[in-house]
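Positions 1255 to 1450 (this note's numbering) are the ones given, in order, by the sequence shown. Quick notes on the structure that follows.
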Amino acid sequence: MTKEQGSSIFRCRSRRLCWRQARFLGKQSRFGSRRAAEMTRVKPGSQVSPPPFGLKILLYLTTSAWRPSEALSPHLALWIADMAQRGWMIRLATPRNYFLWQRVRNRNCGKVAVVVLAHPVQGLTVAELHVLFATDLFNAQRDHTRDDPRSPQCHMDALDDLCRGIVTGMTGLAIVSRAHIFAAAQRKLVEALPGY
């Protein structure tokens, strides 16, 4: 056996081992269903291309760098760190710029690997903040991989399970409707806009 054959066998075995471990972790996830755990998992070789230079300049001018908070769920912080490691640009923005960047993302249909999260404003509860972040991350990832046939199907019920698990783990409260909490968080962001 040559050195190249040995290294390819090792890579194959280690890849299989990683997928077996991931499958086990997916079944044991306390953050919702197995599908919700698969949605946040990093796949080997799933790097994204960086945004164009002009878009990076606009992002640096209108947003701030992502800084993990201790109040954030560890599962959500890990998801954000994994996306950043794959090449996603994660930024925080004031409510006004957050809504502008949401418009840009909707218009470009997720062609650019950028996620702009809302800067936490006064009055947002822990549940609203986590649901807002999880929904924005989910939508960006879903929009970006929509045309990729290799990507796993992302379902809204998986997002509901994920949000339910994160909020229950952080606050001890069970949420009934993720969409209702997301709408309430967006209303509070609108109320935080100057001149509202």
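Glycine included, C-beta positions come from ideal geometry on N, C-alpha and C.
(message) Going by C-alpha to C-alpha distance, which of L1443, G1449, P1448 sits closest to Y1352?
(response) Closest by alpha carbon: L1443.
(request) Out of W1355, M1410, T1399, L1354, point me to the one whose CA is closest to A1388's CA. (result) For A1388, the closest C-alpha among the options W1355, M1410, T1399, L1354 is that of M1410.
(message) Considering only the alpha carbon of each residue, which of P1305, T1317, G1426 lies closest to L1371?
(response) Of P1305, T1317, G1426, the residue nearest in Cα terms is T1317.
(message) Just list the residues that DSSP pairs M1343 with in beta bridges.
(response) According to DSSP, M1343 bridges with V1368.
(request) State the Cα-Cα distance for the pair A1331 and H1398, rounded to the nearest angstrom. (result) So the alpha carbons of these two residues sit roughly 20 Å apart.
(message) By DSSP's criteria, S1318 is part of a beta bridge. Which residues make up the other side?
(response) For S1318, the beta-bridge partners assigned by DSSP are L1346.
(message) For A1437, tell me which candidate among R1340, L1378, R1345 has the shortest Cα-Cα distance.
(response) For A1437, the closest of R1340, L1378, R1345 by C-alpha to C-alpha distance is L1378.
(request) Helix, strand or coil for H1373, going by three-state DSSP, please let me know. (result) In the displayed model, H1373 falls within coil according to three-state DSSP, outside both helix and strand.
(message) Quick check: what's the CA-CA separation for W1320 versus D1336?
(response) CA-to-CA, the gap between W1320 and D1336 works out to about 13 Å.
(request) Determine the contact status of P1305 and V1368, defining contact as a CB-CB distance below 8 Å. (result) Going by C-beta atoms, P1305 is nearer than 8 Å to V1368.
(request) Flag this pair as yes or no: are the beta carbons of T1375 and V1421 separated by less than 8 Å? (result) The question names Thr, yet the displayed sequence has Val at residue 1375. Cβ atoms of V1375 and V1421: not closer than 8 Å.
(message) For R1345, tell me which candidate among L1416, Y1314, F1392 has the shortest Cα-Cα distance.
(response) Nearest option by C-alpha distance: Y1314.
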